[in-house]
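See structure below.
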Amino acid sequence: MAAVRCRALSKCFVQGEQVITGLDDVSLDIAEGEFVGLCGPSGSGKTTLLNALGGLDTPDSGEIEIGDLRVDLLGKGALAEMRLHRIGFVFQAYNLIPVLSARENIEFVMQVQGVPAQERKARSLAILEEVGLADHEDRLPAQLSGGQQQRVAVARAIVSQPTLVLADEPTANLDSHSADQLMDLFGVLNRERGITFVIATHDARVMAYCRRLVRLLDGKIVSDERQPGQGQTAA
Amino acid sequence: MLSLRLAWRNLWRHRRRTWLTVSAMIFCNALLVAMNSMQFGSYRMMIDGTLSLLTGHVQVQHKHYNDEPRMRYVVPHGAALATQLRGVLPDSAVAARAVAFGLASSEQRSFGVQFFGVEPAQEPGVSTLPGLVKAGRYLQDSNAAEAVLGSVLARNLKVTVGDELTLLGSGLDSSFAAGVVSVVGILESGMTDLDRNLAQLPLGYFQATFAMNDAVHQVVIKVPELSAVAPVKSQVEALIHNPDLTVLDWDQLQPGLRQSIQVDLASSLLIYSILVVLVAFSVLNTQLMSVLERTREFGVMMALGLRPGRLGQLVLLETGIMSFLGFLFGAALGIVITLYFQHTGIYIPGMEEAMSRYNLPGRLYPELSILSALAGPAAVFVGGMLAAIYPALRLFRLQPVAAMRAV
């Protein structure tokens, strides 16, 4: 089964009297365990596509399937459920809750899922270990570096055991070392857990990690290339 | 638990703003507790003062007497009934009383008066009037031909202690009632109407003069606490088997008293409501600002899978914590202030005259009760929570993508 399947997606934005095309008849299939980069210049439709796939924004027309779910037919509540259980989000600006510690940020999603407190604690500690932040569990986001915050954000995204991670410019605020570390982490999670990654980026280093690169321009897919030997894909 | 921790920490992101809002709640709650207690205290003093003068808390009367106080509507064997009631109500004071209208004449003048036949030994238990004798003494012998007059009446009749007074009236059997009594005391209640019309006689002498036999018009009961009125009334009702008699409580005897309290309460409620609304607006402002500032954060939370309802709960939880702090510290402060004034009393300059109308002393003593301590703070708590509904509802209109774009 495809992890992501979308057909004829279109989305327009109205700014004053100007109509901007966000997505223009986009169709895309992403298999489970793929590591896909969405690239293109600013305004090409990367984030719009990502938001539509994650149920954060509604397309004007077209169909989206995440696993066996028709995203475009879901109501607000069902979309929230889908995001909570099936999709992990990683944002450019980390977007951690500033008053919660690293561990609490990770636990928060599990609490919403209804995971018991003891299990939450055990799982969040294990995942912090996995992202290399075992000693930073009690630190607030403001006490972490950008790279560390982004790793906490990744831990938060994957702790709910999603099948799909959508990352929007995850390295944009990171130095090259932290960006490499993050991409390595994505690679490990993809390889070892089989999580499907879809990353919107215009960072060449990130593109180099992606086995498949989908290029967008003015809301259209202009190329869809596989890069043999690049990136790390699930078995 | 994590939600509670999150709500708590969110509150202290803007320490000063939160403290200002909580302080407004504390101030308002303390004020409400103190004002409510003072009000309840004044009501109690008003009730006690008014009822202690003549009415008592409960009375046994003929069933028509209260509506139509005619001579013929009597309680037979009144003194015996009073004695019986004293036996079954050891904590209450009970006294029999007879009442008649007539003419009192001195050597120089005559005035229409209200004669009260009272049991001299029992009357001080149910009425404060015997303690208000300014000249001479109070009645002593139940059969003596003596009288105690109100000060204005004595002045109008131009009599003083030791002078004689002629009584004229109509007896129970419609016979001509007449007698001559010595003025043994002059009392001053501070209520001009009462002091102008009041003449108290010993019950035995009254019954003989007005052909009452052993009948009276009222058996007055004064209970130790207002809360005892209802049970005592029920107890007395159970004892009385005469269908012509009825048992009335102070509310039935003095309906104006409760009405004036209700009018005062209503106007106070308006002021209290304004206070609560002001605090609610303060909460609304704080929480609305807080929600607007965190729009981006709420957008991220929605992206993570939180439903708007859950975010609304978070805002309500934050408000709940703030309101609880206001409730706790405000009520505590109000209780401390009230307890202090409950001990010392509050002197209100210029209020003596108004207070004397209700036979109140010059100092007000607040009365702390569960109601006075909790009603105001509870209203502020509810007001605060209601005020948070609007900011919470705004979250339902939030779109994750638009919210995450907020600065």
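Protein chains in written order, with the numbering used here: chain A, 1 to 235; chain B, 1001 to 1407. Beta carbons: idealized from backbone N, C-alpha and C, even for Gly. The model shown is predicted, which means the values in this text are computed figures rather than measured ones.
Taking CB atoms only, Gly16 (chain A) has no neighbour in chain B less than 8 Å away.
Glu1225 (chain B) carries a coil assignment under DSSP once its states are collapsed to helix, strand and coil. Ser1323 (chain B) is positioned such that its CB atom lies no closer than 8 Å to that of Phe1396 (chain B). Counted as a single uninterrupted DSSP element, the stretch harbouring Asp29 (chain A) is not any alpha helix (DSSP H) but the beta strand (DSSP E) occupying residues Gln18 to Ala31. Contact check between the region 1141-1160 of chain B and the region 1108-1116 of chain B: three or more CB pairs, one atom from each, fall below 8 Å, which counts as touching. Within the region 1240-1265 of chain B, the complete alpha helix (DSSP H) segments at least 4 residues long are 1250-1253, listed from N- to C-terminus. Counting only runs that start and end inside the region 1182-1206 of chain B, the alpha helix (DSSP H) elements of at least 4 residues fall at 1192-1197. Counted as a single uninterrupted DSSP element, the stretch harbouring Glu1164 (chain B) is not any alpha helix (DSSP H) but the beta strand (DSSP E) occupying residues Glu1164 to Ser1170.
Close partners of Arg83 (chain A) in chain B (Cβ separation under 7 Å): Ala1303, Leu1304 and Gly1305.
Taking all protein chains shown into account, Arg1097 (chain B) has 16 or more neighbouring C-beta atoms within 10 Å of its C-beta and is therefore buried. A contact between stretches requires three or more CB pairs, one per stretch, nearer than 8 Å, and the region 1062-1073 of chain B meets this requirement with the region 1209-1217 of chain B. For the pair Leu1253 (chain B) and Thr1055 (chain B), the CB atoms are nearer than the 8 Å cut-off.
The beta carbons of Ala142 (chain A) and Leu50 (chain A) sit no closer together than 8 Å. For Lys1134 (chain B), the enclosing beta strand (DSSP E) begins and ends at Val1133 to Gly1136.
Between Val1276 (chain B) and Ala1379 (chain B) the beta-carbon gap is near 5 Å, inside 8 Å, which marks them as a contact.
In the DSSP assignment, Gln113 (chain A) falls within the alpha helix (DSSP H) that extends over Ala102 to Gln113. Glu1225 (chain B) has a beta carbon lying at 8 Å or more from every beta carbon in chain A. In summary, the residues of the region 34-57 of chain A whose CB is separated from some CB of chain B by less than 8 Å are Asn51, Gly54, Leu56 and Asp57, in the order they occur in the chain.
Residue range Ser176 to Arg193 is occupied by the alpha helix (DSSP H) that includes Gln181 (chain A). Per DSSP, His1062 (chain B) is not a residue of any alpha helix (DSSP H); the beta strand (DSSP E) it occupies stretches across Val1058 to His1062. Per the coordinates, the alpha-carbon of Asp1264 (chain B) lies some 14 Å from the alpha-carbon of Met1045 (chain B). In the DSSP assignment, Glu65 (chain A) is bridged to A:Arg5 and A:Arg70. Here Ile1335 (chain B) is buried. Its C-beta has 16 or more other C-beta atoms within 10 Å. Cβ-Cβ distances below 6 Å link Ala1154 (chain B) to Ile1186 in the same chain, with the five nearest sequence neighbours on each side left out; the list follows chain order. Along the region 1314-1398 of chain B, the alpha helix (DSSP H) occurs as fully enclosed runs of 4 or more residues at 1352-1356, 1370-1387 and 1389-1394, listed in sequence order. Nearest CB-CB separation between Pro1391 (chain B) and chain A: not below the 8 Å threshold. In the DSSP assignment, Cys39 (chain A) falls outside any alpha helix (DSSP H) and lies within the beta strand (DSSP E) extending over Phe35 to Cys39.
Contact between Leu1149 (chain B) and Ala1199 (chain B) holds: their C-beta atoms lie close to 5 Å from each other, under 8 Å.
Between Glu1318 (chain B) and chain A, the shortest Cβ-Cβ separation is not below 8 Å. Taking a cut-off of 8 Å on C-beta distances, the region 202-216 of chain A touches the region 160-178 of chain A, as three or more cross pairs fall below it. Along the region 88-103 of chain A, the positions whose C-beta sits under 9 Å from a C-beta of chain B are Gly88, Phe89, Phe91, Ala93, Asn95, Leu96, Ile97, Pro98, Val99 and Leu100, read in chain order. Per the Cβ contact rule, the region 45-60 of chain A is in contact with the region 207-220 of chain A (3 or more Cβ pairs under 8 Å). Proximity of Glu1293 (chain B) to chain A, defined by a Cβ-Cβ separation below 8 Å, is not satisfied. In the three-state scheme derived from DSSP, where H, G and I count as helix and E and B as strand, Leu1004 (chain B) is classed as helix.
Counting the other CB atoms within 10 Å of its CB gives Ala1387 (chain B) a total of 16 or more, which places it among the buried residues.
Spatial neighbours of Leu100 (chain A) in its own chain (CB-CB distance under 7 Å, excluding positions within 5 residues in sequence) are listed in chain order as Phe108.
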